[in-house]
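Following: one structure in structure tokens, then a few remarks.
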Amino acid sequence: MINKPLALALAASLTAPLATTASAADLTSSYQEPPAYNEPAARSGNWDGAYVGAHGGFVSRRLNPFKGGKGVAAGVQGGYQADVGGVVVGGEGELSYLGDAEVKVNGGKLEERHRLGLKAKAGVPLDQTLLYGTAGMAMTNFRDSGGVSGPDGWKAGYIVGAGIEQKFNDKISAKVEYNYTGTPNVRSFAGGVASEQDVHDHTVKAGVNYKF
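In terms of our numbering, the sequence shown opens at residue 508 and continues consecutively.
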């Protein structure tokens with residue numbers, strides 16, 4: 508008959524390998540690989556940066572584009588904008604040919620020939636879409652028409668408007684924009700009589716921008 512101390516020693520020698528194997532299995536099963544590092548995703552709808560583009564549309568002293576006296580507007584634009592706290596702000600310059608759009612003055616009409624606009628811009632980005640407003644200074648060049656002569660050179664005024672711009676990819680976007688332009692104190696001469704009046708026009712244009 509095996510005495511008690513010998514039995515205990517034998518049992519310990521038999522169970523020790525099993526306990527070691529179980530502990531090793533537990534450690535193996537509880538170990539998890541650290542998560543792999545992923546590059547942060549690019550910000551969706553990034554509107555930051557400089558851009559250039561071109562535009563075309565119509566300009567008229569009446570809001571209704573089907574009335575007479577309108578001109579075909581065409582030109583180029585460029586600017587810079589940045590996303591600041593969820594609001595896109597920036598500035599834009601544009602040069603447009605106005606297609607001799609007519610504006611009414613005392614004694615007849617003048618024609619708008621060219622326009623230079625310098626505008627501030629602020630908008631709300633909705634991922635790939637930007638809703639924005641714009642305001643700034645406009646310089647308009649007038650042309651004599653029908654026995655009425657207008658100011659020489661460029662005449663200063665103001666411009667306000669709003670638009671929507673849609674991204675196609677990180678570089679290319681398209682926009683539709685409305686502008687109201689006012690030119691105060693336009694001096695004209697008709698029949699030997701001089702007069703001054705405020706003139707205005709409405710411009711609706713579509714454009715394409717390329718972002719650097």
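Virtual Cβ for every residue (Gly too), placed ideally from N, Cα, C.
N-terminal and C-terminal residue of the beta strand (DSSP E) that Lys611 is part of: For Lys611, the enclosing beta strand (DSSP E) has its first and last residue at Val594 to Val612.
Using the Cα positions of Gly714 and Ala645, report the straight-line distance between them to the nearest angstrom. About 19 Å.
Which ranges does the beta strand (DSSP E) cover as unbroken runs of at least 3 residues, wholly within the region 634-713, from first to last along the chain? Scanning the region 634-713 from its first residue to its last, the whole beta strand (DSSP E) runs of 3-plus residues come out as 636-650, 661-674 and 679-697.
Could you compute how far the alpha carbon of Asp705 sits from the alpha carbon of Gly578? Computed Cα separation, rounded: 19 Å.
Endpoints, the beta strand (DSSP E) within which Phe573 is located: First-last for Phe573: undefined, no H or E at that position.
What is the DSSP secondary structure of Arg568, reduced to helix, strand or coil? If DSSP states are grouped into helix, strand and coil, Arg568 belongs with coil.
Separation of Ser680 from Asp634, as counted between CA atoms: If you draw a straight line from the Cα of Asp634 to the Cα of Ser680, it comes to about 13 Å.
Strictly by DSSP, which residues pair up with Asp555? None; Asp555 has no bridge partner.
For the structure I just gave you, are there three or more beta carbon pairs, one from the region 623-630 and one from the region 592-609, closer than 8 Å? Here the region 623-630 lies against the region 592-609, with 3 or more beta-carbon pairs under 8 Å apart.
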